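All remarks here apply to the structure that follows.
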Amino acid sequence: MNNLKFRAWDKANKEMLKIDVIDFFFKEIRVFKNDGGCFSMKFQDIEIMQSTGLKDKNGKEIFEGDILKTRTRGFVFVKRQDGNSTVKYQSGANTTTTVTLSHFMDNYKVVIAGNIYKNKGLLENARIE
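Taking our numbering, the leading residue of the sequence shown gets 8, the next gets one more, and so forth.
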């Protein structure tokens, strides 16, 4: 069985958090700090992203919301669509193509360049929104 992993973007403090507990009853997450402490955040104050279960060429785990860089396709954005992790990329002058991330990674080596919250500017010239 796969161990599901999640992270969250803290909208107020503009930082990425590793989620340790998701509490659907209280609609909050809990994050354990290195000093042994813990804090909670309400769902409305964060954006939750799930791991894709895949890693970039450097071995770094890829999450929804990540921006990936390829040598030939430039930057692509990972998102959840129809239950799959997908990327959309410019495949022609006026054409974009959406494929599953696993299929894309079969054909291209990728490295995580950032995420949609901190580095949205990387996608400005990609014409994939």
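Cβ coordinates follow ideal geometry from the N, Cα and C atoms, glycine included. All figures in this text were calculated on a predicted structure; none of them were measured in a lab.
Neighbourhood of residue i by C-beta, 6 Å cutoff - its chain only, sequence neighbours within 5 removed
i, result
"residue 136", "Residue placement at residue 136 cannot be trusted, given a pLDDT of 48 that sits under 50; the coordinates are not used to answer."
"residue 57", "13 and 71"
"residue 68", "58 and 62"
"residue 73", "85, 119 and 122"
"residue 107", "91 and 93"
Buried or exposed (CB count within 10 angstroms, at least 16 for buried), residue i
i, result
"residue 71", "buried"
"residue 15", "buried"
"residue 129", "buried"
"residue 75", "buried"
"residue 94", "buried"
"residue 80", "buried"
"residue 122", "buried"
"residue 92", "buried"
"residue 118", "exposed"
"residue 8", "In this prediction, residue 8 has a pLDDT of 44, which is less than 50 and means its spatial position is unreliable; what the coordinates show is noted afterwards. Exposed: under 16 other Cβ atoms inside 10 Å."
"residue 83", "buried"
"residue 46", "exposed"
"residue 103", "exposed"
"residue 32", "exposed"
Nearest to residue i (by Cα), restricted to the options the options
i, options, result
"residue 25", "31, 32 and 17", "17"
Other residues of its chain near residue i: CB distance less than 7 Å, five sequence neighbours each side excluded
i, result
"residue 109", "61"
"residue 19", "52"
"residue 65", "118"
"residue 34", "49 and 50"
Identity of the residues DSSP links to residue i by a beta bridge
i, result
"residue 46", "38"
"residue 15", "24 and 55"
"residue 118", "76"
"residue 62", "68"
Any C-beta of chain C under 8 Å from that of residue i
i, result
"residue 26", "Reference to chain C is not applicable here, since this structure consists of a single protein chain."
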